[in-house]
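**Student:** I have a structure here, written as structure tokens, and I will follow up with some questions on it.
Residue numbers (this note's numbering): 303 to 361.
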């Protein structure tokens, strides 16, 4: 019984997906989005991380 309870508590509520990127840009302001676009245009796998939706940035 205790073993089953332990497994239930450690079960993940989310599915983990392993992503692989060549470049990760932190910040989706004007410079961050331009850097992400420039790297993608060069054929690199890119990700842009932001705290808000990209069109809500301060730039």
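By construction, the Cβ of each residue, glycine as well, lies at the ideal position given by its N, Cα and C atoms.
(1) What do you get for residue 326, buried or exposed, if any count of 16 or more other CB atoms within 10 angstroms of its CB means buried?
(2) Using C-beta distances below 7 Å, list every residue in its chain close to residue 323, excluding the 5 sequence neighbours before and after it, in chain order.
(3) Cα separation between residue 328 and residue 352?
(4) Would you give the residue range spanned by the beta strand (DSSP E) that residue 348 belongs to?
(5) For residue 343 and residue 317, I'd like the C-alpha separation in whole angstroms.
**Tutor:** Answer, in terms of the structure:
(1) For the purposes of this step, residue 326 is taken as the residue at position 24 of the chain shown. Flag for residue 326 reads exposed.
(2) Taking the first residue of the chain shown as 1, we reach residue 323 at position 21. Excluding residues within five positions, the ones whose Cβ falls inside 7 Å are 347, 348, 349.
(3) By one-based count along the chain shown, residue 328 stands at place 26. By one-based count along the chain shown, residue 352 stands at place 50. Roughly 6 Å between the two C-alpha positions.
(4) Working through the chain shown from its first residue, we reach residue 348 at position 46. Looking at the DSSP string, the run of the beta strand (DSSP E) that includes residue 348 is 348 to 351.
(5) For this step, residue 343 is matched to residue 41 along the chain shown. For this step, residue 317 is matched to residue 15 along the chain shown. Each residue's Cα considered, the two are about 30 Å apart.
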